[in-house]
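Visitor: What follows is a single structure, and I will ask about it in a moment.
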Amino acid sequence: MPDGYAVSSSDPNLRIYEPDQILIQEDTDGDGSIFILHEGTLGVFKGPEQVAEITAPPATGRDSR
Numbered sequence: 008m009p010d011g012y013a014v015s016s017s018d019p020n021l022r023i024y025e026p027d028q029i030l031i032q033e034d035t036d037g038d039g040s041i042f043i044l045h046e047g048t049l050g051v052f053k054g055p056e057q058v059a060e061i062t063a064p065p066a067t068g069r070d071s072r
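At position 57 of the sequence shown (counting the first as 1) the number is 64 in this note's numbering, and the numbers step up by one without a gap.
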């Protein structure tokens, strides 16, 4: 898995991250990506302490495109 993620076979612009993967880390250079949490939960940490948790919105059962 290059750079800690897999690329979606249906859309090369989508990245799939494994559980416990670090997506963004303070004081490090990023690649300008925008992250949209499609499913699951994302922990927000300040040092070793988890200070928040972000959960993906529930599926509505219909496509909003």
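Heads up, the beta-carbon is just placed ideally off N, CA and C, and yes, glycines get one too.
1) Got a sec? Which residues, its chain only, sit under 8 Å from Gln57 by beta carbon, not counting five neighbours each side?
2) How far does the beta strand (DSSP E) with Ile23 in it extend, from its first residue to its last?
3) Using only the alpha-carbon positions, how far apart do Ser17 and His45 sit?
4) Could you tell me the distance, in whole angstroms, from the CA atom of Lys53 to the CA atom of Asp38?
5) Could you tell me the boundaries of the beta strand (DSSP E) in which Gly1 lies?
6) Please state if the CB of Thr62 and the CB of Thr48 are separated by a distance shorter than 7 Å.
Guide: Straight from the coordinates:
1) Here the set comprises Gly50, Val51.
2) Looking at the DSSP string, the run of the beta strand (DSSP E) that includes Ile23 is 22 to 24.
3) The straight-line gap from Cα to Cα measures roughly 15 Å.
4) Cα-Cα distance, rounded: 21 Å.
5) This structure leaves residue 1 out entirely; the chain is present only between 8 and 72.
6) yes
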